[in-house]
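Q: Dumping the structure here so I can ask a few things about it.
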Amino acid sequence: MLASGSGSTLQALLDAAPASSYDVVAVGSDKPAARALERAAQAGVPTFTCALSDSPTRDQWNFALAGEVERHAPDLVVCAGFMRILSADFLTRFAGRVVNTHPALLPSFPGAHAVADALAYGVRVSGVTVHFVDEGVDTGPVIAQAAVPVRDDDDELSLQTRIQDVERPLYVEAIDRLAREGWTVQGRTVRFG
Ligand code: GAR
27 MLASGSGSTL
37 QALLDAAPAS
47 SYDVVAVGSD
57 KPAARALERA
67 AQAGVPTFTC
77 ALSDSPTRDQ
87 WNFALAGEVE
97 RHAPDLVVCA
107 GFMRILSADF
117 LTRFAGRVVN
127 THPALLPSFP
137 GAHAVADALA
147 YGVRVSGVTV
157 HFVDEGVDTG
167 PVIAQAAVPV
177 RDDDDELSLQ
187 TRIQDVERPL
197 YVEAIDRLAR
207 EGWTVQGRTV
217 RFG
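Numbering of the sequence shown is given in this note's numbering, commencing with residue 27 and proceeding in unit increments.
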């Protein structure tokens with residue numbers, strides 16, 4: 027798994043792993059101080075850091091990250107609050123096996139500020155999208171979605187909190203099903219099994 031931040035999504039996946047069809051084989055981050063790395067270590071999961079500042083170029087960083095990921099031979103590369111764009115080379119190495127969760131109903135509000143963008147737009151419903159990662163920003167085929175109503179008094183924190191309450195079980199279920207049932211992608215349509 028790859029994570030940049032607090033790792034609450036990662037924690038949900040770690041907590042559910044014993045009763046699920048997947049194992050978390052390693053957790054990597056671009057941020058050496060990410061709380062996600064502590065959570066992984068506490069769960070006894072190997073960790074690695076691949077900071078942008080350790081590589082002279084972005085391409086070299088992607089190459090280094092791909093090497094670290096490959097060492098652990100994952101079946102799926104699961105991004106959980108990993109706030110970096112992965113290069114075409116990285117995605118080719120793990121073709122069709124990189125998954126992300128995004129706190130909005132894609133294709134609305136892609137990018138790093140999805141919750142704030144949805145509030146600023148004034149939508150009445152936002153939500154979560156679990157999707158495969160392609161070369162675009164949050165443009166890959168959709169695996170699962172769930173809606174979260176926006177309340178009149180919502181601010182970014184309150185809406186993000188309710189979105190994450192829906193996101194964690196949705197992501198756990200999606201990863202569990204991908205691992206247990208497999209999947210097919212026809213055009214943009216993802217089906218389990
Ligand atoms: C999650 O809500 C995830 O959807 C979002 O970051 C949060 C990570 O929280 N990802 C993105 O916005 C990706 N564009 P966490 O660090 O507590 O797991």
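Using N, Cα and C, we set each Cβ at its ideal position, and we do this for glycine too.
Pull up the distance between the alpha-carbon of Gln190 and that of Cys76, whole angstroms please.
A: Your numbering for residue 190 matches position 164 in the sequence shown. Your numbering for residue 76 matches position 50 in the sequence shown. So the alpha carbons of these two residues sit roughly 26 Å apart.
Q: Is it right to say Glu207 is buried, meaning 16 or more other beta carbons lie within 10 angstroms of its own, or is it exposed?
A: Working through the sequence shown from its first residue, we reach residue 207 at position 181. It is exposed - the Cβ of Glu207 has fewer than 16 other Cβ atoms within 10 Å.
Q: Report, in whole angstroms, the separation of the C-beta atoms of Arg65 and Leu36, which I expect to be a contact under 8 Å.
A: On the sequence shown, residue 65 is found 39 positions in, with the first residue counted as 1. On the sequence shown, residue 36 is found 10 positions in, with the first residue counted as 1. So it is a contact: roughly 6 Å between Cβ atoms.
Q: When DSSP builds the beta bridges, which residues end up paired with Ser55?
A: Position 29 of the sequence shown, counting from 1, holds the residue named residue 55. Thr75.
Q: Can you look up Phe108 in the DSSP assignment and give me helix, strand or coil?
A: Here residue 108 corresponds to residue number 82 of the sequence shown, with the count starting at 1. Three-state result, Phe108: coil.
Q: Using only CA atoms, which one of Val198, Pro129 and Ala69 lies nearest to Ala173?
A: For the purposes of this step, residue 173 is identified with residue 147 of the sequence shown, where counting begins at 1. Nearest option by C-alpha distance: Pro129.
Q: Grab the span of the beta strand (DSSP E) containing Gly93 for me, first residue to last.
A: Numbered from its first residue, the sequence shown carries residue 93 at position 67. Segment Arg84 to Arg97 is the alpha helix (DSSP H) holding Gly93; no beta strand (DSSP E) there.
Q: Taking C-alpha atoms, which residue in Glu193, Val71, Trp87 and Ala121 lies nearest to Gln171?
A: Translated into the one-based positions of the sequence shown, residue 171 becomes position 145. Of Glu193, Val71, Trp87 and Ala121, the residue nearest in Cα terms is Glu193.
Q: Grouping DSSP H, G and I as helix and E and B as strand, with all else coil, what is Pro100?
A: Counting from 1 along the sequence shown, the entry for residue 100 is found at position 74. Pro100 falls in the coil class under three-state DSSP.
Q: Going by other Cβ atoms of all chains shown within 10 Å of its Cβ, with 16 needed for buried, is Leu183 buried or exposed?
A: The residue labelled residue 183 in the question sits at position 157 within the sequence shown. That one is exposed.
Q: Give me the Cα-Cα distance between Ala146 and Gly54, rounded to the nearest whole angstrom.
A: For this step, residue 146 is matched to residue 120 along the sequence shown. For this step, residue 54 is matched to residue 28 along the sequence shown. The straight-line gap from Cα to Cα measures roughly 32 Å.
Q: Which of the three DSSP states is assigned to Phe120 in this structure?
A: Position 94 of the sequence shown, counted from the first residue, corresponds to residue 120. DSSP places Phe120 in coil when its eight states are reduced to three.
Q: Counting along the chain, where does the beta strand (DSSP E) carrying Arg217 start and finish?
A: Here residue 217 corresponds to residue number 191 of the sequence shown, with the count starting at 1. Note, Arg217: beta strand (DSSP E), Thr215 to Phe218.
Q: Identify the continuous alpha helix (DSSP H) that holds Pro175 and give its terminal residues.
A: The count along the sequence shown starts at 1 and reaches residue 175 at position 149. That residue, Pro175, is in no alpha helix (DSSP H); its beta strand (DSSP E) goes Val168 to Pro175.
Q: May I have the straight-line CA-CA distance separating Phe120 from Glu94, to the nearest angstrom?
A: What you label residue 120 is simply residue 94 of the sequence shown in a count that begins at 1. What you label residue 94 is simply residue 68 of the sequence shown in a count that begins at 1. Approximately 12 Å, taken between the alpha carbons.
Q: Apply the 10 Å Cβ neighbour rule to Gln186 and answer buried if 16 or more other Cβ atoms are within range, or exposed otherwise.
A: What you label residue 186 is simply residue 160 of the sequence shown in a count that begins at 1. So Gln186 ends up on the buried side.
Q: Could you say if the segment 94–112 and the segment 122–136 meet the contact criterion of at least three C-beta pairs nearer than 8 Å?
A: Result yes; three or more Cβ-Cβ pairs closer than 8 Å.
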